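One structure is given here, and the rest of the page talks about it.
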Amino acid sequence: MAESNGVQAAVDIPADKAEILARPLEERDDIVVCENVHKWFGDFCAVRDVSMRVKRGEVVVIFGPSGSGKSTFIRMINRLEEHQQGRIVIDGIEMTNDVRNLDAIRREVGMVFQQFNLFPHITVLGNITLAPQRVRHLPRSDAEALAMRLLERVGIPEQAQKYPAELSGGQQQRVAIARALAMQPQIMLFDEPTSALDPEMIKEVLDAMRELAATGMTMLCVTHEMGFAREVADRMAFFDEGALVELGPPDQIFNNPQEDRTKLFLDQIL
Amino acid sequence: MTARAAPAPLPPATTVGLQGWLRQNLFGSWGNSVVTVVVAVVLAWFLVNLGSWVLVEADWTVIISRAPLYIVGLYPYEGYWRLCVCLLLISVLLGMSWRAWPGPARRFAFAFGAVMLFVGVFPHEMAPEHRALLLLNLPFIGLGYVLTPRPAEAHSGRLEAMAGGALPPALERVAIFSTPRRMVIAAFVALVLIMILILGIAGVPGLDPVNPQDLGGLMINLLLAFFGIVCSLPIGIGLALGRRSSLPILKVACVIFIEVIRGVPLITLLFMSRHILPLTFPEELNIDRVYLAGITITIFSSAYMAENVRGGMAAVQTGQTEAAQALGLRGWQTTLLITLPQGLRNIIPAIVGQFISLFKDTSLVYFIGMLDLVEMGRVSVQGNQEFIDNGREVYLFIALVFWVFCFSMSFISRRIEGALGVGRR
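Chains as they are written, first to last, in the working numbering: chain W, 11 to 280; chain G, -1 to 423.
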């Protein structure tokens, strides 16, 4: 199939970004700062006392058993869930109830969902151009040119005029990635992006994510794709019962986990 | 191509085709067979009797001689041509729909054209110029068709697959209804023209104002139902949004309005609008009962519409709102661009259902003294010695008219549902 090799090897990285990316991770600034973050659903504590700092351009894979609070955690980073205690700062912007801060943060953060959540009533092109036109006020022609560049990047420019329902799951998820990228975010959140896909489509989505990581995008991915994590992640975060149990490079997590719970979980899934 | 497998075995003859169908549905067991035979006998007896009455005993003179009363009420004869022109405008819109949406609209255009042809050539008393105007509907459907480009140019994507045949390039160039927006504008202009033609304007020769009370027959049922639905859609959307609003006062006001209106029968509302509401009006304000009926029906219908819209929006998955929020769309943008369009698409069947029910309910306006189709039927029988025994014919005719309209609307609705993919994502 022509679509599956759609990931382009060469990608343009803007000069200012390239300069930051040239530095080693330790010397870059923190783009996501979470300090003692808590979240409850009723009396149930879904996320407890999570502190995490993510460097610019870093790829963090978040994993853990279901119900461990990992999705809730990344949904707090663009405030699809509100944190009730602690502090979240995104690229220097404090997450508060102030609508201007929230707008600014949502412009910085793109998100890809497990169920794609494409808008079924508009075409693929319309899905991608909607937010750039309505939120960033790009003229239609610019938004469409941008959308076509992004569709080429994820390898499906020929699907632009179709409706989401006419695409395979893998194609839909790649459109969702293009849609999030169209807002030119600094950070991308992935909430189990391949969990709803048939096995043969997982690769095409992971390829698109690999390519994105190679451009220096800051990424927080909730995923169970351990091969992807080993290959792409700078650090991995293991969540259990709402708490961040262990955070470290893949080498440590896979070969020398510091916590018994991490080891137990990895033994179960690998 | 994959390698060819051995030919698949055929199903047993007793399970497919006519034989299979009969066996499965009518003669599956002894009990079923007995029920089938009994029902068939009763049905045959009923149909034979009805048929012989319809064809032999019934006297249909009353329908033919009173046809104008049933269709347009007491509308002045000099204005009939204006109504014919209204039909022509509808023909253009139908032709446009046929081209833009060949699946659902084609049969409707065909049926409309067939009725016009039938009435136009039927041997009864009718002025030749009216006959000519009715027959002119056929070319006007074609005109609407020609003025609309192929769907591929008007829309893109899935409608393309349904596109009708191509026209010669010279004809394609005159297509003025080339975008959905232009089509909507054309429909709106046509509706305004229709209202002007029906009601007339003072001082314009040939367009003498018509006393609203002379509107009657099927025309008033259709007008009230149509304008009721068209006006109640935006009001209903507003009420539904208000009910979903986080502003407590707005929300409570909408809830009270909706629940009060839904809790009262239409006939009561009509009575109140006619006999109680005017007491609160200033003396000089004299709103005709036709308009009062229209307003009442709109208000009644918008409360139900609000609940439909609310239900349709509630059925939109929460992931849609989350995706919109994550993209940075504001609350009102999310509602207008994401939730509302999907919600409205969900409720197309419900809107048509409501239209059908409202269309039938409009016959209640007899209660405030209007001569709709049903009331006109009653009057034409009871008010005339000659036809005093023809009640059965008249009411059968009226029932048939209502059925034809309601059935064709639900037919269209099912086709639109299919074309829009309601129920699948």
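Note that beta-carbon positions come from the ideal geometry of N, C-alpha and C, so glycine has one too.
Just so we're clear, the structure is a prediction, and the values are computed from it rather than from any experiment.
(request) Step through the CB atoms of chain G and report whether any lies within less than 9 Å of the CB of His93/W. (result) For His93/W, the answer is no, since every Cβ of chain G falls outside 9 Å of its Cβ.
(message) So if I threshold CB-CB distances at 7 Å, which residues from the region 308 to 333 of chain G count as touching chain W?
(response) Gly317, Gln318, Glu320, Ala321, Gln323, Ala324, Leu325, Gly326, Leu327 and Gln331
(request) Out of Gly258/W, Glu251/W, Arg63/W and Arg163/W, state which residue places its alpha-carbon closest to the alpha-carbon of Arg220/W. (result) Comparing Cα-Cα distances from Arg220/W to each of Gly258/W, Glu251/W, Arg63/W and Arg163/W, the minimum goes to Arg163/W.
(request) With DSSP as the reference, label Met124/G as helix, strand or coil. (result) coil
(request) Taking only the alpha-carbon atoms, compute the straight-line gap between Ala103/G and Ile410/G and give it to the nearest angstrom. (result) 7 Å
(request) Note down, in chain order, every chain W residue with its Cβ under 9 Å from the Cβ of Leu335/G. (result) Phe129, Ile132, Leu140 and Arg144
(request) Note down, in chain order, every chain W residue with its Cβ under 7 Å from the Cβ of Pro339/G. (result) His131
(request) Tell me whether His153/G sits in a helix, a strand or coil according to DSSP, three-state version. (result) Note that His153/G scores 43 on pLDDT, short of 50, meaning its location in the model is unreliable and no value can be drawn from it.
(message) Just list the residues that DSSP pairs Phe403/G with in beta bridges.
(response) Per DSSP, Phe403/G has no beta-bridge partner at all.
(message) Does Gln340/G come out as helix, strand or coil in the three-state DSSP assignment?
(response) helix
(message) I need the straight-line Cα distance from Ala188/G to Ile346/G, nearest angstrom please.
(response) Computed Cα separation, rounded: 23 Å.
(request) Starting from Arg116/W, find everything on chain G with Cβ-Cβ shorter than 8 Å and list it in chain order. (result) Gln323, Ala324, Leu325 and Gly326
(request) Look at the alpha carbon of Val182/G and the alpha carbon of Arg308/G, and state the distance between them as a whole number of angstroms. (result) 24 Å
(request) List the residues of chain W whose Cβ lies closer than 7 Å to the Cβ of Arg343/G, in chain order. (result) Listed along the chain, the chain W residues whose CB falls inside 7 Å of the CB of Arg343/G are His131.
(request) Would you mind stating whether Leu356/G and Leu268/G have Cβ atoms separated by less than 9 Å? (result) no
(request) Kindly provide the ranges of any beta strand (DSSP E) runs that are 3 or more residues long and lie completely inside the region 63 to 105 of chain W, ordered along the chain. (result) 69 to 73 and 95 to 100
(request) Compare the C-beta of Arg189/W against all C-beta atoms of chain G and say whether one is closer than 9 Å. (result) yes
(message) Can you tell me whether His273/G is helix, strand or coil according to DSSP?
(response) helix
(message) Assuming Leu371/G and Gly215/G are in contact, meaning their beta carbons sit under 8 Å apart, how far apart are those beta carbons, in whole angstroms?
(response) 5 Å
(request) Label Trp99/G either buried or exposed according to how many other C-beta atoms from any shown protein chain fall within 10 Å of its C-beta, with 16 as the threshold for buried. (result) buried
(message) Whole angstroms are fine: how far does the CA of Gly329/G sit from the CA of Leu237/G?
(response) Whole-angstrom Cα-Cα distance: 17 Å.
(request) Could you check what DSSP says for Arg245/W in three-state terms: helix, strand or coil? (result) For Arg245/W, the three-state secondary structure derived from DSSP is strand.
(message) Per the DSSP calculation, Glu176/W is bridged to which residue(s)?
(response) DSSP lists no partner for Glu176/W.
(message) For Ser205/W and Ser81/W, I'd like the C-alpha separation in whole angstroms.
(response) 13 Å
(request) List the DSSP bridge partners of Cys231/W. (result) DSSP output for Cys231/W lists Val71/W and Phe200/W as bridge partner(s).
(request) Give the straight-line distance between the Cα atoms of Ile254/G and Ile61/G, rounded to the nearest whole angstrom. (result) 46 Å
(message) Rounded to the nearest angstrom, what separates Pro10/G and Gly26/G at their Cα positions?
(response) 16 Å
(request) Determine whether the Cβ of Gly162/G lies closer than 9 Å to any Cβ atom of chain W. (result) Any reading at Gly162/G must be qualified, since the residue scores a pLDDT of 45, below 50, and its modelled position is unreliable; no value is offered.
(request) Can you grab the Cα-Cα spacing for the pair Phe126/W / Pro209/W, in whole Å? (result) 16 Å
(message) Judging by CA-CA distance, which residue of Glu104/W, Glu91/W, Ile72/W and Pro174/W is the nearest neighbour of Val42/W?
(response) When the alpha-carbon of Val42/W is set against those of Glu104/W, Glu91/W, Ile72/W and Pro174/W, the nearest one is in Glu104/W.
(request) Measure from the C-beta of Val119/W to each C-beta in chain G and report whether the shortest distance is under 9 Å. (result) yes
(request) Taking a Cβ distance cut-off of 9 Å, strictly less, list which residues of the region 67 to 101 of chain W are near chain G, in chain order. (result) Arg85, Asn88, Arg89 and Leu90
(request) Quick one: residues in its chain with C-beta nearer than 7 Å to the C-beta of Asp40/W, no 5 flanking neighbours on either side, listed in chain order? (result) Arg63, Val64 and Lys65
(request) Tell me, please, whether the region 111 to 128 of chain W touches the region 180 to 195 of chain W by the rule of three or more beta-carbon pairs shorter than 8 Å. (result) yes
(request) Let me know if Gln183/W comes out buried or exposed under the rule of 16 or more other beta-carbons within 10 Å of its beta-carbon. (result) buried
(message) Just verifying my parser: in three-state terms, what is the DSSP assignment at Val47/W?
(response) strand
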